[in-house]
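The block underneath contains the structure these notes are about, expressed in structure tokens.
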Ligand code: GLC
Ligand code: CA
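Numbering (this note's numbering), first residue to last: 21 to 577.
Shown next, in the form of structure tokens:
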């Protein structure tokens, strides 16, 4: 069956439900809360909502540890609430894509509870169990969330594999029964009418045969597991099976989260003939920014290296052109806030900087993703105390490097976390200037960013010069332009250190995008004086003069 490419023309808005809108005063965002905010998302102009996990979960990793794939986390509401939300979204013309977390489950999942009972339990082979080797873990892999990827289980005297926290055991995709279970979970949600999936760390599902040790840097305790496991031997086969058995039967969109994958890999998964996925989330540009080194608690708070950022994003633009499809994002629930990270959250420039980043990304080829609050220019929260953090990745890293290995001092690590922690993105949505910013009438599960009086949706919706209004225009431009959706991409002046400029071409039209990533005014001539200004983040246009964080887009016909 042939489907149209609506997902190429769409803009996706990501909702982290826990922090979006509380409806019943328990301090936790929920589905009825989201339903009440759908008109806001519609007003912004988004086409699709990606919903972070809302399934039943002990919440060790905020929903990325699922104990029951077919029920709703009680704190988020009931299945009825979900159905209402979905129906309401569809009435408004919004699509909903779900987070599919199937590299691992929770250790509280019935499958794992059974699996660990005995070596001959029918579910034993749903997970990856190994005997100890010389009394130790079976190999040297280090978990994404620190420590070994193996946990010893007394009951049967074997270790199980967990690439993330020990409460997130990895499923054994080699087992065809596991794959069938996953297909059934997918059908369950698709038959309800959901419009696709964002697939969590989907390029980690096929483990290399024999689970060999990985290369280890001399002073590191464990091997970087991403380097050994990403894009494993049977990944294409598994994704094709998924497509053939499930996805091909529905007109839905799919995006695979793929740490450590390259443009060549992405072409394999998203290529026109691959019959796998529509697009991937790659990590190159977020890996570059800030030059973070977790082990050393190092964070380079000097401005990002623009030349590297330009090359990285442009490589994906040009290599996938005509062969695959890009997803475009600056941030999400795992990354610090875009404006703080890639530009500046200095109040003097914040609004300009947020619009500049939006322009730079939304004029590229690919499907743009807006993470809740990005459309307001929300910033990092910059916590100063460990007790303010919730996220287990941040807490684990602190305990391992500061307390156990003692390789970094507390102050440096706290500084690192204040730039880099995922919690920066997880503070509640800033709706208005009232108590708790309209997020909850109770006690919020997580402290709000104190800047909500200056940065909130209510102010911005009414203000034609706000970041929100500007994002609306960006989205509207894309909806009305094949040039923005399909045009070829060319980076201008790759070695230039302050300005990110590129062209897009489609039929007889050319688009020129110029963004100043610094707080200095510069003079640059890309031929803009001959073009027609489509959108810019200053009130007037000084032609060759590009002011601090200025961004402007010209059309040539
Ligand atoms: C993905 C999710 C992240 C989660 C991890 C483990 O990277 O985006 O939030 O912690 O997978 O599921
Ligand atoms: Ca609630």
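Backbone N, C-alpha and C fix where the C-beta goes; we use that ideal spot for every residue, glycine too.
These figures come from a predicted structure and were not determined experimentally.
{"Check": "Contacts around residue 397, its chain only, beta-carbon distance under 7 angstroms, and the 5 residues preceding and following it disregarded", "Outcome": "359, 370, 371, 374, 475, 487"}
{"Check": "Residue 48 CB to nearest heavy atom of ligand 2 below 8 angstroms", "Outcome": "yes"}
{"Check": "Any non-hydrogen atom of ligand 2 closer than 8 angstroms to residue 44 Cβ", "Outcome": "yes"}
{"Check": "Closest residue to residue 118 among 416, 167, 68, 490 (Cα-Cα distance)", "Outcome": "68"}
{"Check": "Local conformation of residue 565 per DSSP, three classes", "Outcome": "strand"}
{"Check": "Delimiting residues of the beta strand (DSSP E) encompassing residue 509", "Outcome": "508-512"}
{"Check": "Closest residue to residue 463 among 36, 42, 25 (Cα-Cα distance)", "Outcome": "42"}
{"Check": "Distance cut-off 8 angstroms: residue 520 Cβ against heavy atoms of ligand 1", "Outcome": "no"}
{"Check": "When 436, 268, 332 are compared against residue 418, the one with the closest alpha-carbon", "Outcome": "436"}
{"Check": "Any non-hydrogen atom of ligand 1 within 8 angstroms of residue 132 CB", "Outcome": "no"}
{"Check": "Simplified DSSP assignment, three categories, for residue 490", "Outcome": "helix"}
{"Check": "Backbone CA spacing between residue 147 and residue 246 [nearest angstrom]", "Outcome": "19 angstroms"}
{"Check": "Sub-9 angstroms separation of residue 137 and residue 215 beta-carbons", "Outcome": "no"}
{"Check": "Straight-line gap, residue 37 to residue 109 (C-alpha atoms, nearest Å)", "Outcome": "15 angstroms"}
{"Check": "Integer Cβ distance of residue 273 from residue 295, believed to fall under 8 angstroms", "Outcome": "About 14 angstroms; that fails the 8 angstroms criterion."}
{"Check": "Counted within 10 angstroms of its Cβ, other Cβ atoms place residue 322 as buried (16 or more) or exposed", "Outcome": "A caution first: residue 322 carries a pLDDT of 49, below 50, which makes its placement in the model unreliable, though a value can still be read off. Exposed."}
{"Check": "Residue 98 Cβ short of 8 angstroms to ligand 2 heavy atom set", "Outcome": "no"}
{"Check": "Of the residues 27, 151, 456, the one placed nearest residue 3, counting alpha carbons only", "Outcome": "Residue 3 lies beyond the stretch modelled for the chain, which goes from 21 to 577, so this question has no answer here."}
{"Check": "Cβ contact check for the region 563-572 and the region 529-537: 3 or more pairs under 8 angstroms", "Outcome": "yes"}
{"Check": "Alpha carbon of residue 292 to alpha carbon of residue 154, nearest angstrom", "Outcome": "48 angstroms"}
{"Check": "Any non-hydrogen atom of ligand 2 closer than 8 angstroms to residue 53 Cβ", "Outcome": "yes"}
{"Check": "Cβ-Cβ separation, residue 124 to residue 172 (assumed contact under 8 angstroms), whole Å", "Outcome": "About 18 angstroms separates the two Cβ atoms, so there is no contact after all."}
{"Check": "Close-in-space but distant-in-sequence residues of the same chain around residue 554 (CB under 7 angstroms, 5 per side omitted)", "Outcome": "497, 573, 574, 575"}
{"Check": "Where residue 178 sits in the DSSP three-state scheme", "Outcome": "strand"}
{"Check": "Exposure of residue 182, with buried meaning 16 or more beta-carbon neighbours within 10 Å", "Outcome": "buried"}
{"Check": "Distance CB(residue 88)-CB(residue 96) smaller than 9 angstroms", "Outcome": "no"}
{"Check": "For residue 93 and residue 520, the rounded distance between their alpha carbons", "Outcome": "43 angstroms"}
{"Check": "Under the three-state DSSP convention, the category residue 66 falls into", "Outcome": "coil"}
{"Check": "Selection from 427, 424, 226, 51 that minimises the alpha carbon distance to residue 72", "Outcome": "51"}
{"Check": "Extent of the continuous alpha helix (DSSP H) run through residue 272", "Outcome": "From DSSP, residue 272 is part of no alpha helix (DSSP H); its letter is neither H nor E."}
{"Check": "Simplified DSSP state of residue 529, which is helix, strand or coil", "Outcome": "strand"}
{"Check": "Identified DSSP bridge partners for residue 588", "Outcome": "Residue 588 is absent from the structure shown; the chain starts at 21 and stops at 577."}
{"Check": "Residue 188 to residue 363 span [Cα, whole Å]", "Outcome": "35 angstroms"}
{"Check": "Given residue 58 as reference, the closest of 77, 106, 98 once Cα atoms are compared", "Outcome": "106"}
{"Check": "DSSP three-state assignment for residue 322, whether helix, strand or coil", "Outcome": "Because residue 322 sits at a pLDDT of 49, beneath the cut-off of 50, its placement in the model cannot be relied upon, and the point is left open."}
{"Check": "Buried or exposed by the 16-neighbour rule on C-beta atoms within 10 Å, applied to residue 277", "Outcome": "buried"}
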